[in-house]
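A.B. asks: Have a look at this one.
Number of protein chains: 2
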Amino acid sequence: MDDVLEPAAEDLQLPRILAALADPHRLAAVRYVARNGESWCTQVMQEAGLAMTKSTFSHHLRILREAGVLTKRIQGTKGYTSLRKDDLDSRFPGLMDAIIEADADLASGASASPR
Amino acid sequence: MDDVLEPAAEDLQLPRILAALADPHRLAAVRYVARNGESWCTQVMQEAGLAMTKSTFSHHLRILREAGVLTKRIQGTKGYTSLRKDDLDSRFPGLMDAIIEADADLASGASASPR
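Structure follows, in structure tokens:
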């Protein structure tokens with residue numbers, strides 16, 4: 002495993018979740034995982050159009066995990082991440098759906114919304 | 002008027018809105034205005050339980066206005082603020098309702114959720 006602390010469902014905090022999502026790259030990663038289900042982390046970075054180093058992506062992933070938006074599972078030598086949709090939906094009904102669907106036509110990748 | 006630039010409805014940006022809302026005091030102010038309609042700025046600060054100086058509150062209000070969450074109207078010597086609900090709802094359906102209603106039982110004021 003690693004040293005990232007993922008909060009329990011009852012400890013999710015709205016300001017922290019909003020801060021984690023307030024970045025176009027992290028939004029793109031979350032949308033990718035929301036649409037594709039649990040995904041290999043490297044694949045998320047590549048297919049969500051996130052042009053960055055692996056260590057920068059790890060940093061973004063850490064922020065999303067520490068806020069309780071994403072979780073990570075290790076299998077063999079690979080890390081897989083998924084959205085904590087049930088935990089988020091039960092604490093903040095409608096929030097993730099609204100965020101995932103917002104600007105869905107514009108947001109095929111972070112590179113599509115640079116402004 | 003003042004020097005704060007409020008974006009047009011078509012220029013609202015989700016990451017900026019989420020960043021503006023990612024603060025317990027700003028969330029409390031937005032919830033107060035969402036529930037009470039257009040309000041005198043000083044009243045929002047006092048009644049939303051925001052224990053801060055007027056200049057700190059002005060700073061928070063500026064961030065919310067520059068993100069397009071709140072708008073401000075001057076009448077006489079007083080400033081009144083209101084939620085740009087129609088603009089927000091048409092660009093990001095369901096988002097503001099989900100945020101306003103989240104933890105509604107806990108969030109009677111920012112001071113009620115200090116953690």
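If you read the sequences in order, they're chains Y and F.
Numbering-wise, our numbering puts 97 at position 96 of the first sequence, and it's gapless, one number per residue.
Numbering-wise, our numbering puts 97 at position 96 of the second sequence, and it's gapless, one number per residue.
Glycine included, every Cβ here is placed at the ideal spot set by N, Cα and C.
Three or more C-beta pairs closer than 8 Å, one from the segment 25-34 of chain F and one from the segment 25-33 of chain Y: is that the case here?
C.D. replies: Too few Cβ pairs lie closer than 8 Å, so no.
A.B. asks: Go to L71(F), then tell me how far its alpha helix (DSSP H) extends in each direction, as first and last residue.
C.D. replies: Careful: L71(F) lies outside any alpha helix (DSSP H), inside the beta strand (DSSP E) at L71 to Q76.
A.B. asks: Kindly list, in the order they appear in chain Y, the residues whose Cβ is closer than 8 Å to that of D88(F).
C.D. replies: Simply none; closest approach about 13 Å.
A.B. asks: Note down, in chain order, every chain Y residue with its Cβ under 9 Å from the Cβ of A117(F).
C.D. replies: Since the first residue shown for chain F is 2 and the last is 116, residue 117(F) is missing from the structure and cannot be characterised.
A.B. asks: How long is the line joining the alpha carbons of L13(F) and K86(Y), rounded to whole angstroms?
C.D. replies: 26 Å
A.B. asks: Along the chain, where does the beta strand (DSSP E) containing T57(F) start, and where does it finish?
C.D. replies: Per DSSP, T57(F) lies in no beta strand (DSSP E); the unbroken alpha helix (DSSP H) holding it starts and ends at K55 to A68.
A.B. asks: Which of helix, strand or coil does DSSP assign to L6(Y)?
C.D. replies: In the structure shown, the three-state DSSP call for L6(Y) is coil.
A.B. asks: Shortest alpha-carbon distance to G50(Y) belongs to which of R32(Y), R66(Y), H60(Y) and E67(Y)?
C.D. replies: R32(Y)
A.B. asks: For D98(F), return the contacting residues in chain Y, with the cut-off set at a CB-CB distance below 9 Å.
C.D. replies: G95 and A99
A.B. asks: Taking the alpha carbon of A21(Y) as the point to measure from, which residue in F93(Y), S59(Y) and L65(Y) has its own alpha carbon closest?
C.D. replies: Ranking the options by Cα distance to A21(Y), first place goes to L65(Y).
A.B. asks: Measuring straight from C-alpha to C-alpha, what distance separates S40(Y) and I75(Y)?
C.D. replies: 11 Å
A.B. asks: Suppose the cutoff is 7 Å on Cβ atoms and the five residues either side in sequence are ignored; what does the same chain contact list for G38(F) look like?
C.D. replies: S83
A.B. asks: Give me the chain Y residues within the contact set of D104(F), using Cβ-Cβ distance strictly less than 7 Å, ordered along the chain.
C.D. replies: L15
A.B. asks: What residues are listed by DSSP as bridge partners for K79(Y)?
C.D. replies: Q76(Y)
A.B. asks: Using a Cβ cut-off of 9 Å, pull out every chain Y residue sitting near L51(F), in sequence order please.
C.D. replies: Within 9 Å Cβ-Cβ: nothing; L51(F) doesn't reach chain Y, min ~14 Å.
A.B. asks: Assuming L15(Y) and F93(Y) make a contact with CB atoms under 8 Å, what is their CB distance in whole Å?
C.D. replies: Here L15(Y) really is in contact with F93(Y); their C-beta atoms are around 6 Å apart, less than 8 Å.
A.B. asks: Considering only the beta carbon of each residue, do A68(Y) and R17(Y) sit closer than 7 Å?
C.D. replies: Result yes, Cβ atoms of A68(Y) and R17(Y) sit closer than 7 Å.
A.B. asks: Using CA atoms only, rank isn't needed, just tell me which of D3(F), A103(F) and T43(F) is closest to L96(Y).
C.D. replies: A103(F)
A.B. asks: Give the straight-line distance between the Cα atoms of E48(F) and D4(Y), rounded to the nearest whole angstrom.
C.D. replies: 41 Å
A.B. asks: For A10(F), count neighbouring C-beta atoms within 10 Å of its own C-beta (all shown protein chains included) and say buried if the count is 16 or more, exposed if not.
C.D. replies: exposed
A.B. asks: Check L51(F) in the structure and name its three-state DSSP category.
C.D. replies: coil
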